Amino acid sequence: MSWLKDTIGTEKAIIAMCHLLPLPGDPYYTQEKNMDYVIEMARKDLHALQDGGVDAVMFSNEFSLPYLTDVPTVTVACMARIIGELKDDIKIPFGVNVLWDAKKSLDLAAATGAKFVREIFTGVYGSDFGLWNTNVGETIRHQHAIGAQDVKLLFNIVPEAASYVSNRDIVSIAKSTVFNNRPDALCVSGLTAGAETDAQTLRLVKEAVPNTVVFANTGVRYENVEQQLAIADGAVVGTTFKIDGVFENHVDQQRVKRFMDRVKSLRE
C-alpha cells in the first residue's frame, strides 16, 4: 500500500485538475471581469469536480499561457487568494501546480496547506519555452527551508512540449530520478494537456520503478481509463472532465460522475 491511501484516501487515485482562468499579469487576463470572476469560475469547477466524486483536486494556472519557468510574484499571490477564498468549499485533499516553477509551487503549497505539488523538478530540456533547466538539489533544500517537507512531490519526467537535451531513454530517466531524488511519485505525460499518455511508456516506467507511485498524467479518458489504471497507480485528469472534452471549457459534472463511476467499479 502506498502513501496515496493515507494522503488521498484511496489507491488508484484520481487527481482532478481545477484549471484557473488567466490571472493578472497573464496576456489573456480579462480586466473587465477581474479576479472576482476568476474566483467564481474556479468555485464552479471545484464544486463540479467534488460533486462528481473525484478523490483529490489540483489547482493550476493552466491558462497562464504562454508559460514561464520563472513565475512572477503576482501569479502566486493571485493563486493563493483564489485558494484562500475557496478554502471553505474544498472538501477533498488538494495540491497545487504553478506552471512551470517548482520553488513557487512549493511556496504556494506552504501558504495554502496543499498536500502535494506536481512539477518539473529534474532535467534539462529543449522546449516551446526555450532552454528549460532545473536545479532539484536547490529546490528540495528550499522545500525544507520553508517547512514544506511533508508536501508530496510528483515529478513530471515527460514534460509537455519538451524533450531531454541529452539522449536518455525513459527507463534510465525513471531509475536515476528515483535513485537520486526519492520522489513521492513519477508522472508520465503525453505531448500536451489532453494528449493520451502512451501505455507502453507508462508500463516501462512502472516496471522500472515498481516501488514508486506512477501517475498517468495526461489524456486519461472514460474509454482508456481501465487500460491506464491497470498499469498506473493513479491518474491526473483535466481535459476529459470538461464540457465536450474540450480543454478550454469548464467542468461538466455529469462527465466527471460517469468517469468516476467507472473508476470505482474498476477498484472493486
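Numbering (the working numbering), first residue to last: 1 to 268.
We put the CB at the ideal spot given by N, CA and C, even for glycine.
If you're wondering where the values come from, they're calculated on a predicted model, not measured in any experiment.
Review point. Between A232 and chain B, is there a C-beta pair that is closer than 8 Å?
Key: The structure shown contains no chain B; it holds only a single protein chain.
**Study point:** Euclidean distance between Cα positions of R168 and N211
**Key:** 22 Å
Exercise for review: Can you tell me the Cβ-Cβ gap for V205 and L186, rounded? I've got them flagged as a contact below 8 Å.
Suggested key: 6 Å
Point to revise | Among P93, A232, M17, Q254, nearest to T197 - alpha-carbon criterion | key: A232
**Study point:** DSSP-derived helix/strand/coil call for M17
**Key:** strand
Point to revise | Cβ-Cβ separation, A42 to C18 (assumed contact under 8 Å), whole Å | key: 6 Å
Practice item. Please determine if the segment 57–70 and the segment 4–12 are in contact, where contact requires at least 3 C-beta pairs separated by less than 8 Å. Key: no
Exercise for review: Leaving aside the five residues before and after V251 along the sequence, list all residues of the same chain whose C-beta is less than 7 Å from its C-beta, in chain order.
Suggested key: D45, A48, L49, F241, K242
Check your understanding: Are G95 and K115 closer than 8 Å when you measure CB to CB?
Key -> yes
**Study point:** A235 - DSSP class collapsed to helix/strand/coil
**Key:** strand
Check your understanding: Which residues in the same chain as L266 place their Cβ atom closer than 8 Å to its Cβ, once the five residues preceding and following it in sequence are excluded?
Key -> K12, V225, E226, L229
Review point. Rounded to the nearest angstrom, how far is the Cβ of N217 from that of V246, given a contact under 8 Å?
Key: Not really, about 19 Å apart at Cβ, beyond 8 Å.
Point to revise | As assigned by DSSP and simplified to three states, the class of L23 | key: coil
Exercise for review: Excluding the 5 residues preceding and the 5 following P159 in the sequence, name in chain order all residues of the same chain whose CB lies nearer than 6 Å to its CB.
Suggested key: I120, Y125
Check your understanding: Between the segment 126–136 and the segment 81–95, do three or more beta carbon pairs fall short of 8 Å?
Key -> no
**Study point:** Element boundaries [beta strand (DSSP E), containing N97]
**Key:** 94–97
Exercise for review: Look at the alpha carbon of A145 and the alpha carbon of R255, and state the distance between them as a whole number of angstroms.
Suggested key: 41 Å
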